[in-house]
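Notes follow the structure.
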Ligand code: SF4
Ligand code: SF4
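In my numbering, the protein residues as written are 460 to 682.
Laid out in C-alpha cells, this is it:
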C-alpha cells in the first residue's frame, strides 16, 4: 500500500455515519439473539415449567437453581404433576449458551433479545421466578435495572425449538411449536418447515407403542 493509500481510505469515510444514537436508537437484533430468559406460560395461563430440573442439570455455568413441587390438586400451577416452585437464574454466571432452552422438555424456558441491564447489587443479578415468569399478556416483566424500549419485548417469548420435542425419536428433525400466552402459535422461521405429523404420533408426541396417560389437557401440543 502506497504512502497515501491509507489517507484515501480515511478520507473516503468522511461524512459517513456509522454509529447510531444509542440508546434512543438501536440496531435490530438477530432473530435468534440470546438475551435474558423468560419462563413461559400456555395460552390458558398455566405455567409450562414442570420443575424437572433438566435445565439446571445441563447448565455449564451452574447458574440455574430450580426446585419442583407437587401441583396442588385444587389449583394446579402447571399441567404436569409438578411445577417449578423455585426458579432462579444468576446472570453473573450465565453465558447465554441456550443449553437450558434445548434441554427443556416443555419449552418453558426461552431466551429473549433483552440483554441491557446494569446491576448495582448482586442480588438484582439473580432473577427470581417472579421476575422471569411472563405476565398475563405473555410478555417479559421489565425490571427497574433493565433498559429496553417499547416494542423490544416483541418476539421475545416463544422460541422455535429445532430439536426433537420431548426427545421422541419419531420427531427427530421435525420442528415443534407449542402455543404461547399472548402470542399463540408462531409461524415457522425462514428456512424451517413444519411437515405434517406422522400418523403414528398423537398430539403428545407418543407413538403407538406408548400408553402412558397424561391427563385430558392439550398443553404443549405440536401443530
Ligand atoms: S443460557 Fe447457558 S449458561 Fe445461561 S442459564 Fe441457560 S444453560 Fe446456563
Ligand atoms: S424450565 Fe424446563 S427444564 Fe427447567 S425445570 Fe422447568 S420444565 Fe424442567
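By construction, the Cβ of each residue, glycine as well, lies at the ideal position given by its N, Cα and C atoms.
Same chain only: Cβ atoms within 6 Å of residue i, ignoring 5 sequence neighbours per side
{"i": "residue 535", "result": "none"}
{"i": "residue 588", "result": "546"}
{"i": "residue 555", "result": "493"}
{"i": "residue 524", "result": "547"}
{"i": "residue 467", "result": "none"}
{"i": "residue 585", "result": "547 and 549"}
{"i": "residue 615", "result": "571, 572 and 599"}
Beta-carbon proximity of residue i to residue j, cut-off 8 Å
{"i": "residue 498", "j": "residue 514", "result": "no"}
{"i": "residue 550", "j": "residue 495", "result": "yes"}
{"i": "residue 511", "j": "residue 564", "result": "yes"}
{"i": "residue 552", "j": "residue 520", "result": "yes"}
{"i": "residue 526", "j": "residue 593", "result": "no"}
{"i": "residue 485", "j": "residue 640", "result": "no"}
{"i": "residue 493", "j": "residue 595", "result": "no"}
{"i": "residue 544", "j": "residue 562", "result": "no"}
Beta-carbon contacts of residue i that lie in its chain and below 7 Å, excluding the five residues immediately before and after
{"i": "residue 560", "result": "568, 569, 570 and 618"}
{"i": "residue 522", "result": "548, 549, 552 and 553"}
{"i": "residue 488", "result": "572"}
{"i": "residue 516", "result": "none"}
Residue i: CB within 7 Å of a non-hydrogen atom of ligand 1
{"i": "residue 517", "result": "yes"}
{"i": "residue 511", "result": "no"}
{"i": "residue 523", "result": "yes"}
{"i": "residue 508", "result": "no"}
{"i": "residue 599", "result": "no"}
{"i": "residue 534", "result": "no"}
{"i": "residue 470", "result": "no"}
{"i": "residue 548", "result": "yes"}
{"i": "residue 490", "result": "no"}
{"i": "residue 584", "result": "no"}
{"i": "residue 589", "result": "no"}
{"i": "residue 520", "result": "yes"}
Own chain, CB closer than 8 Å to residue i, minus 5 neighbours either side, in chain order
{"i": "residue 643", "result": "502"}
{"i": "residue 604", "result": "576, 577, 578, 579 and 583"}
{"i": "residue 479", "result": "485 and 486"}
{"i": "residue 504", "result": "595 and 640"}
beta-carbon residue i near ligand 2 non-hydrogen atom, thresh 7 Å
{"i": "residue 563", "result": "yes"}
{"i": "residue 567", "result": "yes"}
{"i": "residue 543", "result": "yes"}
{"i": "residue 553", "result": "no"}
{"i": "residue 556", "result": "no"}
Closer than 8 Å to chain B by CB, residue i
{"i": "residue 552", "result": "Of the chains in the structure shown, none is chain B; there is only one protein chain."}
Presumed contact (8 Å Cβ cut-off) between residue i and residue j, rounded CB distance
{"i": "residue 606", "j": "residue 482", "result": "6 Å"}
{"i": "residue 590", "j": "residue 602", "result": "6 Å"}
{"i": "residue 637", "j": "residue 566", "result": "5 Å"}
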